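**Q** Submitted below is the structure of interest, expressed as structure tokens.
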Amino acid sequence: MGEALALASALCFGVTHFVNGLVARRSDGITVALHAQLAGTAVAVAAAFASSSGGGAAGDYWFGALSGIGTGVGTAFLYRAMGQGQMSVVVPVSDVGAVALPVLAGVALLGERPAAVAWAGIAVAVPALWLVAQAGGPGTGRHGAGPAGPVTAGVPAALAASAGFGVQFLAMAQVGADGGLWPVVVSRVASVAVIAAVLALYRSPVTLPGRLTAVAGAGGAVGTMAILLYLAATRHQLMAVATVLSALYPAVPVLLALAFLRERLTRRQTAGLVCATAAVSLIALR
0 MGEALALASA
10 LCFGVTHFVN
20 GLVARRSDGI
30 TVALHAQLAG
40 TAVAVAAAFA
50 SSSGGGAAGD
60 YWFGALSGIG
70 TGVGTAFLYR
80 AMGQGQMSVV
90 VPVSDVGAVA
100 LPVLAGVALL
110 GERPAAVAWA
120 GIAVAVPALW
130 LVAQAGGPGT
140 GRHGAGPAGP
150 VTAGVPAALA
160 ASAGFGVQFL
170 AMAQVGADGG
180 LWPVVVSRVA
190 SVAVIAAVLA
200 LYRSPVTLPG
210 RLTAVAGAGG
220 AVGTMAILLY
230 LAATRHQLMA
240 VATVLSALYP
250 AVPVLLALAF
260 LRERLTRRQT
270 AGLVCATAAV
280 SLIALR
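Start counting the sequence shown at 0; every next residue gets the next number (numbering that gives the first Met the number 0).
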């Protein structure tokens, strides 16, 4: 059950990043992140009112807020990165901290002990992420640029996003089983506040064209579904395992770009997707 929830979370994360990555190519990425999280907040509020679960303890709300800070940093800088560089590069780069921080914290601080077969799956996921991140040859970047330009332009922002997503996963996993969904609402509100601050720092515009606002909002709604699924997964599975499975989302934008944008996979990216499949299988066996 936990594995299925985490993989569904990965699918939703991948879809939202693909959709909003496309919007970020036509408008400011930080502005896209703001509108996505505003819509995601509305979905979280509706889900919380519809849920019959309890309100949770004070600590659940603090962890929700901390997770939201990570979400705000992650989405703001990821969409900024996708406006600068190749989607197939910056999305997997943003995944490094998302995997490393929660897994290391789970093992070092929370006493989690994944089985040997799950460790093997986690180990396979590392080269999978690296391989999927490999850019194609010359001419595959934006505006006809080779791989060096897009990687250099997008990677610093993607690394900042990486740290944010790591905090997002780590903190959300600490929300108790009786915490209900209101900590997720707090998380979404905190993410909006952080993105608003980043938007002011970079003097990004506040508004998007009407059609792009709707698309970004739809992507943000799917993103909230992703975090809700991840939260449910952590209540059925070790955080280290749930995080690695959820963090396989970079494979989704690659496959969607292949299907809808007519992009071509390199041999390394294909090998990375094979490794990702093997990682899922091994972790599921645990």
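Even glycine gets a Cβ: it sits at the ideal position worked out from N, Cα and C. Bear in mind the structure is a predicted one, so any value in this text is a computation, not a measurement.
Output the distance between the C-alpha atoms of residue 207 and residue 71, rounded to the nearest integer angstrom.
**A** Their Cα atoms are separated by approximately 18 Å.
**Q** Taking 8 Å as the threshold (C-beta atoms), are residue 113 and residue 214 in contact?
**A** No, the pair does not count as a contact, with Cβ atoms beyond the cut-off.
**Q** Throw me the rounded Cβ distance for the residue 40 and residue 203 pair, which I believe falls under 8 Å.
**A** Not quite, the Cβ-Cβ distance comes to about 19 Å (not below 8 Å), so this is no contact.
**Q** Using the rule of at least 16 other Cβ atoms within 10 Å of the residue's Cβ for burial, across every protein chain shown, is residue 229 buried or exposed?
**A** Per the 10 Å Cβ criterion, buried.
**Q** In this structure, does DSSP put residue 169 in helix, strand or coil?
**A** Three-state DSSP puts residue 169 in a helix.
**Q** Since I believe residue 59 is in contact with residue 174 (beta carbons under 8 Å), could you give me their beta-carbon distance rounded to a whole number of angstroms?
**A** Confirmed, about 5 Å.
**Q** Starting from residue 59, follow the alpha helix (DSSP H) in both directions and report where the run begins and ends.
**A** Taken as a continuous stretch (DSSP letters only), the alpha helix (DSSP H) holding residue 59 covers 57-81.
**Q** Would residue 48 be called buried (16 or more neighbouring beta carbons within 10 Å of its own) or exposed?
**A** Answer is exposed; the Cβ neighbour count stays below 16.
**Q** The alpha helix (DSSP H) that contains residue 2, what's its start and end?
**A** Counting along the chain, the alpha helix (DSSP H) containing residue 2 begins and ends at 1-23.
**Q** Would you give the residue range spanned by the alpha helix (DSSP H) that residue 182 belongs to?
**A** Its alpha helix (DSSP H) spans residues 181-201.
**Q** How far does the alpha helix (DSSP H) with residue 87 in it extend, from its first residue to its last?
**A** Counting along the chain, the alpha helix (DSSP H) containing residue 87 begins and ends at 86-92.
**Q** By Cβ distance, which residues of its chain are closer than 6 Å to residue 259, with the 5 residues on each side in sequence left out?
**A** Closer than 6 Å at the Cβ level, and outside the excluded window around residue 259, lies no residue.
**Q** With DSSP as the reference, label residue 260 as helix, strand or coil.
**A** The answer is coil: DSSP assigns residue 260 none of H, G, I, E or B.
**Q** Quick check on the burial criterion: 16 or more other C-beta atoms within 10 angstroms. Buried or exposed for residue 107?
**A** Counting Cβ neighbours within 10 Å, residue 107 comes out exposed, since fewer than 16 surround it.
**Q** State the CB to CB distance for the pair residue 156 and residue 76, rounded to an integer number of angstroms; the pair is presumed to be in contact (CB under 8 Å).
**A** Their Cβ separation, rounded to whole angstroms, is 4 Å, which keeps residue 156 and residue 76 in contact under 8 Å.
**Q** For residue 229, report the span of its alpha helix (DSSP H) as first-last.
**A** Residues 209-233.
**Q** If the criterion is Cβ atoms closer than 8 Å, does the pair residue 272 and residue 120 meet it?
**A** No, the pair does not count as a contact, with Cβ atoms beyond the cut-off.
**Q** So residue 30 is in the alpha helix (DSSP H); what residue range does that whole segment cover?
**A** Per DSSP, residue 30 belongs to the alpha helix (DSSP H) from 28-49.
**Q** If you pair each beta-carbon of the region 84-99 with each one of the region 214-227, do three or more pairs fall below 8 Å?
**A** Too few Cβ pairs lie closer than 8 Å, so no.
**Q** Can you tell which of 99, 277, 177, 191 has its C-alpha closest to the C-alpha of residue 64?
**A** Looking at the Cα atoms, 191 is the closest of the given residues.
**Q** Between the Cα of residue 248 and those of 176, 88, 178, spot the shortest distance and give me the residue it belongs to.
**A** Selected option, being the one with the closest Cα: 88.
**Q** Return the first residue and the last residue of the alpha helix (DSSP H) that residue 52 is part of.
**A** Where residue 52 is concerned, there is no enclosing alpha helix (DSSP H), given that its DSSP letter is neither H nor E.
**Q** According to DSSP, simplified to helix, strand and coil, what is residue 249?
**A** DSSP places residue 249 in coil when its eight states are reduced to three.
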